[in-house]
């Protein structure tokens with residue numbers, strides 16, 4: 019028997035039942051003075067809202083869920099929204115004031131927030147005046163359209179976040195010219211065509227996360243990191259991970275973490291070296307791609323090899339001491355559950371992974387679309403980033419369970435010689451090459467201080483840059499848009515203490531991309547004449563970019 023207050027169910031995705039040991043009782047008591055203060059403030063707020071409603075002086079709300087004019091023009095609905103927010107605040111304060119252990123409190127806060135977000139009056143036709151007005155004004159058409167949208171999404175098994183009919187790979191997303199020059203059971207390697215007469219001698223290999231499709235780095239021309247690099251004279255190679263399907267009975271169902279390193283990243287490095295005729299290349303790892311790349315470099319170092327001259331890590335963790343929002347799902351029981359289900363073979367589905375990430379930001383990625391798609395019968399607008407977000411990949415079970423246990427749960431990857439990969443002990447200190455570490459200040463998946471911790475693990479020269487915004491928007495920030503900002507360290511910046519570094523950093527407007535390319539160019543050798551064709555024997559062109567692997571959608 020387990021007492022449960024929230025977890026992630028294997029068959030249905032998010033389930034607010036977290037496991038605790040047998041006989042454990044969550045400390046539900048609150049300090050009397052804290053409870054008295056919360057009760058006092060709640061009753062006082064209730065009386066104030068009731069009085070303002072009776073006097074007709076209720077203030078319109080800025081919360082985006084209740085900001086539409088229909089809420090302000092309907093006193094009963096506006097009062098309901100005020101009381102909902104008051105109640106939600108009181109419940110959140112009760113959890114914060116509880117005597118629970120920090121880990122338990124984080125889970126309680128997550129569980130309570132999930133239920134509070136789900137119970138918002140904006141999420142139900144009977145309590146949403148905006149949806150009711152749309153229903154009346156359309157003569158019932160919004161209800162019909164909403165039901166059609168709901169039925170369509172039930173068939174898909176996920177909520178539609180964008181008009182997916184407006185995008186097609188190779189036509190208006192993932193359009194940077196290039197060629198597939200290698201493939202195996204794990205990935206296709208794309209070599210992008212040069213757009214400048216001369217290029218830097220040393221190429222760069224991009225390692226995207228295998229949990230998503232690579233084209234987050236090559237969306238549309240105006241926000242493509244790949245295209246930007248090519249325009250700066252870089253020769254770009256990129257790994258397009260295969261999306262294994264459950265109905266395929268092949269080696270991918272048993273693929274391990276080591277397989278992805280040996281037959282994936284290390285093979286991609288070898289092929290890039292051969293085609294470019296360079297003994298060393300540069301490499302970039304994004305998110306879990308960065309974690310994998312760092313491990314692959316440690317494997318190479320343990321073998322006495324140094325195939326990469328300089329490495330870039332984008333919103334990636336090697337030290338998992340703080341796992342951000344995902345930490346609420348991390349415990350021994352969950353690890354054992356997954357290992358029993360898929361540890362020896364099978365897949366972690368893209369649908370479940372996508373659902374989990376969406377519920378980390380439910381108001382933006384779940385309930386917002388419940389209201390617009392189903393209650394108001396609207397068609398989502400076309401947005402390339404959300405099109406990519408809906409196009410996830412399945413992960414082999416052995417790969418996922420190794421990664422989950424040894425990083426998120428036990429945090430062993432950053433500990434010297436504790437783990438073995440590809441037959442050698444892993445010691446990140448042996449990675450002695452220059453490193454550029456990028457993090458996003460508001461990243462809820464890779465907290466920026468966790469990304470900063472990588473600086474203490476690598477032994478070479480290190481540069482740290484902190485961008486504004488979150489996990490994706492902070493990274494995909496093209497210079498032409500002149501949006502957001504980023505922070506760089508001064509000559510005296512502390513590379514051991516993230517808070518001291520933050521205090522000593524300097525904020526700069528716009529994109530961090532030019533600062534990174536300036537750094538990268540100093541590690542890319544001289545400029546040479548651009549190659550006239552892709553590939554080199556024995557690696558010839560197989561097909562045009564974006565290739566066929568990226569077009570396989572998970573079901």
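Residue numbers (the numbering used here): 19 to 573.
Even glycine gets a Cβ: it sits at the ideal position worked out from N, Cα and C.
Residue 421 lies in the alpha helix (DSSP H); which residues open and close that run? Here residue 421 refers to the residue found at position 403 of the chain shown. Residues 415-421.
Mind listing, in chain order, the continuous beta strand (DSSP E) runs of no fewer than 3 residues lying wholly within the segment 538-573? 545-547
Which residues in the same chain have their Cβ closer than 7 Å to the Cβ of residue 402, if we skip the five residues on either side of it in sequence? For this step, residue 402 is matched to residue 384 along the chain shown. Contacts found: 185, 191, 237 and 238.
Does the separation of the CB atoms of residue 514 and residue 522 fall below 8 Å? For the purposes of this step, residue 514 is identified with residue 496 of the chain shown, where counting begins at 1. For the purposes of this step, residue 522 is identified with residue 504 of the chain shown, where counting begins at 1. No.
Just curious, the alpha helix (DSSP H) that residue 167 is in, first and last residue? One-based indexing of the chain shown puts residue 167 at position 149. Segment 159-174, the alpha helix (DSSP H) holding residue 167.
When you compare only the Cα positions, how much space is there between residue 376 and residue 556? Within the chain shown, numbered from 1, the residue matching residue 376 stands at position 358. Within the chain shown, numbered from 1, the residue matching residue 556 stands at position 538. About 43 Å.
Starting from residue 505, follow the beta strand (DSSP E) in both directions and report where the run begins and ends. Here residue 505 refers to the residue found at position 487 of the chain shown. 503-506 is the span of the beta strand (DSSP E), which, as asked, contains residue 505.
Could you name the residues of the same chain whose beta carbon sits closer than 8 Å to that of residue 89, not counting the 5 residues immediately before and after it, in chain order? Translated into the one-based positions of the chain shown, residue 89 becomes position 71. Excluding positions up to five away in sequence, the list reads 78, 79, 95, 96, 99, 147 and 148.
If you draw a straight line from the alpha carbon of residue 207 to that of residue 76, how long is it in whole angstroms? Indexing the chain shown from 1 puts residue 207 at position 189. Indexing the chain shown from 1 puts residue 76 at position 58. Cα to Cα, the separation comes out at about 60 Å.
Below 8 Å, how does it come out for the segment 320-335 and the segment 250-258: are there three or more Cβ pairs, yes or no? no
Per the contact definition of three or more C-beta pairs closer than 8 Å, is the segment 469-481 in contact with the segment 445-460? yes
To the nearest angstrom, report how far apart residue 445 and residue 470 are at their CA atoms. As a position in the chain shown, residue 445 is number 427, starting the count at 1. As a position in the chain shown, residue 470 is number 452, starting the count at 1. About 18 Å.
How should residue 133 be labelled, buried or exposed, when 16 other C-beta atoms within 10 angstroms of its C-beta is the threshold for buried? Along the chain shown, read from residue 1 onward, the residue named residue 133 stands at position 115. Looking at its Cβ environment, which holds fewer than 16 other Cβ atoms inside 10 Å, residue 133 is exposed.
Tell me whether residue 9 is buried or exposed, calling it buried when 16 or more other Cβ atoms sit within 10 Å of its Cβ. Residue 9 is absent from the model: the chain starts at 19 and stops at 573.
Determine, using beta carbons only, whether residue 395 and residue 562 come nearer to each other than 8 Å. Translated into positions along the chain shown, residue 395 becomes position 377. Translated into positions along the chain shown, residue 562 becomes position 544. Not in contact: residue 395 and residue 562 (Cβ atoms no closer than 8 Å).
How would you label residue 423, buried or exposed, when you count the other beta carbons within 10 angstroms and need 16 or more for buried? As a first step, residue 423 must be located in the chain shown, where it is residue number 405. Flag for residue 423 reads buried.
Does residue 412 pass the burial test, meaning 16 or more other C-beta atoms within 10 Å, or should it be called exposed? The residue labelled residue 412 in the question sits at position 394 within the chain shown. Answer is buried; the Cβ neighbour count reaches 16.
Take residue 429 and list the residues in its own chain whose beta-carbon comes closer than 8 Å to its own, dropping the five residues that flank it on each side. Here residue 429 refers to the residue found at position 411 of the chain shown. Counting only Cβ-Cβ distances below 8 Å, and skipping sequence neighbours, we find 337, 338 and 339.
Could you pull the start and end residues of the alpha helix (DSSP H) that residue 310 belongs to? Against the chain shown, residue 310 aligns to sequence position 292. Note, residue 310: alpha helix (DSSP H), 306-320.
DSSP three-state call for residue 391: helix, strand or coil? Along the chain shown, read from residue 1 onward, the residue named residue 391 stands at position 373. Residue state, collapsed to three classes: helix.
Segment contact, 8 Å Cβ cut-off, at least three pairs: the segment 539-546 with the segment 212-225: yes
Is residue 345 helix, strand or coil when you go by DSSP? Working through the chain shown from its first residue, we reach residue 345 at position 327. Residue 345 falls in the helix class under three-state DSSP.
Paired residues, beta bridge with residue 205 - DSSP: The sequence position of residue 205 within the chain shown is 187, counting from 1. Answer by DSSP bridge pairing, in chain order: 259.
Using the Cβ count rule (16 or more neighbours within 10 Å means buried), how would you classify residue 167? Numbered from 1 along the chain shown, position 149 holds the residue referred to as residue 167. Classification of residue 167: buried, given that the 10 Å Cβ count is 16 or more.
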